[in-house]
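In UniProt numbering, the protein residues as written are 1 to 233. All C-beta atoms, glycine included, are put in the ideal place defined by N, C-alpha and C. Just so we're clear, the structure is a prediction, and the values are computed from it rather than from any experiment. Data first, discussion second: the structure below is written as C-alpha cells.
Structure follows, in C-alpha cells:
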C-alpha cells in the first residue's frame, strides 16, 4: 500500500472579505513585522484589520471529520512548522506517494512550468513533488473561502495526476503515514495563534515542532520608534 501524507495549512480556516495577500518570502520580517505594518497602516485609515479577518468554526470539528475518512497508521509522525515548504521534505523522507492537501492555495506553482524550475518554496512544493516524480498523485481540498480555482492550473492538471474534491463529498477511506500542519504565518494573523495551538492539540497525537517560532502580538505597546521600524518592513 502506498504511503500518504496529510498536509494541512492553517489558512484553510481563515478568511477575509477585504484582504487577499499574494506571494511573499517567508522570513522573520514577514512573519510578524509585516503584520504590525498592516495593522498600523489600517489604523491610519481608521480601520482595525483585526476585525477584517475571521476564523471558520470548522476548525473545531475538523479532526472529527478527518478521522471518519482518514485512518492513521500506528506511531504516525506528526510535524508542525510555519512554512508549508516542509511538506516537500516530509513526503520525500517518508516515501509518501500521494499528498492530500487542505489549503487556501494549491501550492502547485504560480506561473506554470517555469515556476517548478525554481527552488522549492511555499508556493510550488506540491508541483515540485509531482514534477520530480517523488509523488504519483495530489488530492486538493480547497478552503471554502478561497478565490483560487482548479482551472488556474490547467497545464499542470493535464500532465499530472491532480484531483480536486469537496471534502463533504469525499467518500474514500485513506490510510495516512504522516501528517504535516503548517501555520503559514505570513498569511495568517498572529492574533489567531492561540487557536492554532488549540487546533494542533485537538488532533490528540504527539507532534514535533520544526521552525515555528512563537509570535507575540501586542498592539497596545507599540512605541513611535517601533511604528517607524514596522513601516519599513
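query = Hey, is residue 207's beta-carbon within less than 8 Å of any beta-carbon in chain C?
reply = In the structure shown, chain C does not exist; there is a single protein chain.
task = Kindly list the residues whose CB is nearer than 7 Å to the CB of residue 230, restricted to its own chain and excluding five residues on each side of it in sequence; keep chain order.
result = Contacts found: 33, 36, 37 and 40.
ask   = Taking the alpha-carbon positions, what's the residue 225 to residue 129 distance?
value = Residue 225 and residue 129: Cα-Cα distance of roughly 44 Å.
ask   = Among 193, 198 and 206, which has the Cα closest to the Cα of residue 82?
value = Checked all of 193, 198 and 206; the closest Cα to residue 82 is 193.
query = From what residue to what residue does the beta strand (DSSP E) around residue 81 run?
reply = 70-81 is the extent of the beta strand (DSSP E) around residue 81.
query = With a CB to CB cut of under 6 Å and the five nearest residues on each side skipped, what residues in its chain are close to residue 110?
reply = Listed in chain order, the non-local C-beta contacts of residue 110 below 6 Å within the same chain comprise 123, local neighbours out to five positions each way being set aside.
request  = Report the residue from 206, 184 and 171 whose alpha carbon sits nearest the alpha carbon of residue 178.
outcome  = In terms of CA proximity to residue 178, 206 leads the group 206, 184 and 171.
task = Reducing DSSP to helix, strand and coil, say where residue 89 ends up.
result = Helix, per DSSP.
request  = Could you tell me which uninterrupted beta strand (DSSP E) segments, each at least 3 residues in length, are contained entirely in the stretch 154-185, listed from first to last along the chain?
outcome  = If you keep only unbroken beta strand (DSSP E) runs of at least 3 residues inside the stretch 154-185, you get 162-164 and 174-182.
message = Using CA atoms only, rank isn't needed, just tell me which of 112, 93 and 87 is closest to residue 100.
response = Minimum Cα distance to residue 100 is reached at 87.
key: Per-residue DSSP class, three states only, for residue 230   = In this structure, residue 230 counts as helix in the three-state DSSP scheme.
key: Where residue 196 falls, given that 16 or more other Cβ within 10 Å makes a residue buried   = Buried, since its Cβ has 16 or more Cβ neighbours within 10 Å.
ask   = For residue 91, is the classification buried or exposed, using 16 other Cβ atoms within 10 angstroms of its Cβ as the cut-off for buried?
value = Buried: at least 16 other Cβ atoms inside 10 Å.
message = For residue 3, report the span of its beta strand (DSSP E) as first-last.
response = In the DSSP assignment, residue 3 falls within the beta strand (DSSP E) that extends over 3-9.
Residue 98 versus residue 173 - alpha carbon distance = Looking at the two C-alpha atoms, the distance is approximately 14 Å.
request  = Check residue 195 in the structure and name its three-state DSSP category.
outcome  = DSSP, read as helix, strand or coil, puts residue 195 in helix.
ask   = Which ranges would you report for the alpha helix (DSSP H) in the stretch 98-147 if only whole runs of at least 4 residues count?
value = Segments of the alpha helix (DSSP H) lying fully in the stretch 98-147: 125-131.
query = Going by the CB atoms, is the gap between residue 143 and residue 103 shorter than 8 Å?
reply = With respect to the 8 Å criterion, residue 103 and residue 143 are classified as neighbours on the basis of their beta carbons.
request  = Pick helix, strand or coil for residue 207, following the three-state DSSP scheme.
outcome  = Residue 207 sits in coil when the DSSP states are folded into three classes, being neither helix nor strand.
message = If you measure between the beta carbons of residue 105 and residue 148, is that distance less than 8 Å?
response = Yes, these two residues count as a Cβ contact at 8 Å.
Status (buried if at least 16 other CB within 10 Å, exposed otherwise) for residue 107 = Counting C-beta atoms within 10 angstroms of its own C-beta, residue 107 has 16 or more neighbours from the protein chains shown and is therefore classed as buried.
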